[in-house]
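Novice: Numbering-wise, the UniProt record's numbering puts 262 at position 262 of the sequence shown, and it's gapless, one number per residue.
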Amino acid sequence: MPGRLDFELQPSRSTRRAADAPCCRILVLADLRADAQRPPLAERSLYPIAHDTLDRACSLFAPQLKLSGQERLPALSLDFRCIDDFHPDALLARVPLFAQLAQAAPQLAAALPAAATPSRPAQEDNPFAALLGGDIGEAARRGADDFIRKLLGPVGTPAADPRHQVLGAAADLARAQLLRALLHEPRFQRLEAAWRGLGWLLAELDADAGTQVDVFELSREELAADLMAPAPCLPGLFSAAAEAGAPYAMIVCDFGFAASREDVLLLAALGGMADALGAPLLAGFDPQLAADPAAFAESEGATLLHALARTPGAARLGLALPRLLLRRPYGKRSDPLDTLDFEEIDADWQPCRALWGSPAWGLALLIGRGFLAAEGWDFAPDNELELLDLPLALYPQAGDVAMLPCAERFLSDAAAEAIDALGLMPLISRRERNAVRLFRFRSLAGALRGRWRG
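1) Does DSSP put Gln-37 in a helix, a strand or coil?
2) At what residue ranges does the region 153 to 231 contain a whole run of the alpha helix (DSSP H), taking only runs of 4 or more?
3) Which residues mark the beginning and the end of the alpha helix (DSSP H) in which Ala-374 is found?
4) Would you give the residue range spanned by the beta strand (DSSP E) that Leu-54 belongs to?
5) By the 10 Å Cβ neighbour count, where 16 or more other Cβ atoms means buried, how is Pro-287 classified, buried or exposed?
6) Decide yes or no for the touch test of the region 207 to 223 against the region 89 to 103: beta carbon pairs closer than 8 Å, at least 3 of them.
7) With a cut-off of 8 Å, do at least 3 Cβ pairs link the region 299 to 319 to the region 63 to 79?
8) Consult DSSP for Leu-411 and reduce its assignment to one of helix, strand or coil.
9) If I measure Cβ to Cβ from Ala-104 and keep anything under 7 Å in the same chain, skipping five residues before and after, which residues do I get?
10) Sorted by chain position, which residues of the same chain lie with C-beta nearer than 6 Å to Ser-219's C-beta, five sequence neighbours on each side aside?
11) Leaving out the 5 sequence neighbours to the left and right, which residues in its chain are closer than 8 Å to Ala-402 when beta-carbon positions are compared?
12) Opposite Met-250 in the DSSP bridges: which residues?
13) Please confirm if the region 339 to 346 is in contact with the region 172 to 186, defined as three or more CB-CB distances below 8 Å between the two stretches.
14) In the structure shown, what three-state DSSP assignment does residue 462 receive?
15) Decide if Pro-359 is buried, meaning its Cβ has at least 16 other Cβ atoms within 10 Å, or exposed.
16) Between which two residues does the beta strand (DSSP E) holding Leu-79 run?
17) Considering only the beta carbon of each residue, do residue 456 and Cys-233 sit closer than 9 Å?
18) Under 9 Å between the Cβ atoms of Cys-23 and Ser-59?
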């Protein structure tokens, strides 16, 4: 039949999966509400999430930030209902202070007294009349005026009051400075990094091919209070969820840890919980350690890590550093705004102000890719060590342009080996491209224990 289109329907990858096919089930522990009210910990439940339900989850958790005033940023209350609400264009439209600054310029301009216009002699208004020595008539005057306007074009058009332009530029500058301060506010960055890290993981892993992500939302303080309690509720809640469905393949903990006594105790409890679930726990460790890992090896912090490595669940603890870049800085040449001429990188900008997130997201992505490539657990975690196509950021440095490392700091081979010797996992930024390589998968106690069989 002419014009007929024939389609051969192929079963999708998800329909080819058997009901008993292995599942890479991921448990995410993250603070996704910030200052918003939470129900009691025992009344919360796990939230299954996929990339196409991320905005729905954001609307459900309804994160909120209540920022106290500081030198460059006044007190603000911010609500978020989707991932795009973190974007500067949305902030400029939704935060009342930005709207007030935008309206201030035209309001002030309207209040300005009109600029005086000097009067000119009637005979000298028309250059042709002056040349001919008298009035040349109304019709001739109109024709001459039209001719001169065509010749002069915009030069002959009265200029806008320059004071209005100054007021508009001042309002835009104030909005840009306030926006920059907000984007770099530490609590704003922690919340944005949590949501962008989660979104990155969901976007990269194919749920139809056998991955499943469950989110349990809580603050770091709640996590510590529960696991340090005589009768914690979280281990039992997660064990019941694992028994009701597929067992957990890994736990992504979006909280950073350091070599303090409090953090070591919390990590020991997390390791015990992970061991009971039969899954590795992935988290970030103090990125400042990367500056001089050899010196850290001689510190009290290293002694605490060695003690942690001897705890029962240490083989389940996968701790990595430095942090990963989760988005490019906003700007005309990187990620321009629609509503304001804005450069996030200004003269005072430092790399520490970029949006850095937990390396746990990258580790989980590598393990998930290994699972998907093998279509099951017959793989070794070191099969996948490269994170490619990460956000690319360029910034001025000493009169030149430098590339921001995708993992916060460029590590030498010696530094990477020293970090590995501490039982930690170094992430090595590529100097020639926007990519990161994991040195190797390991735990504090040697090989990282997981469900893989490679």
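Glycine residues also receive a C-beta, built at the ideal position from the N, C-alpha and C atoms. No experiment lies behind these values; they were computed from the predicted model shown.
Specialist: In this structure, then:
1) coil
2) 162 to 183, 186 to 204, 220 to 227
3) 360 to 374
4) That residue, Leu-54, is in no beta strand (DSSP E); its alpha helix (DSSP H) goes 54 to 61.
5) Looking at its Cβ environment, which holds 16 or more other Cβ atoms inside 10 Å, Pro-287 is buried.
6) Result no; under three Cβ-Cβ pairs closer than 8 Å.
7) Contact between the region 299 to 319 and the region 63 to 79 is not established, with fewer than three Cβ pairs separated by less than 8 Å.
8) Of the three classes helix, strand and coil, the one that applies to Leu-411 here is coil, per DSSP.
9) Ala-171, listed in sequence order.
10) Asp-31
11) Leu-394, Tyr-395, Pro-396
12) Its beta-bridge partners are Ile-26.
13) yes
14) Since the displayed the chain opens at 1 and closes at 454, residue 462 lies outside it and no answer follows.
15) buried
16) Just to set this straight, residue 79 is Asp in the shown sequence, not Leu. Counted as a single uninterrupted DSSP element, the beta strand (DSSP E) harbouring Asp-79 occupies residues 76 to 79.
17) Residue numbering for the chain in the displayed model covers 1 to 454; residue 456 lies beyond these limits and cannot be assessed.
18) No, the pair does not count as a contact, with Cβ atoms beyond the cut-off.
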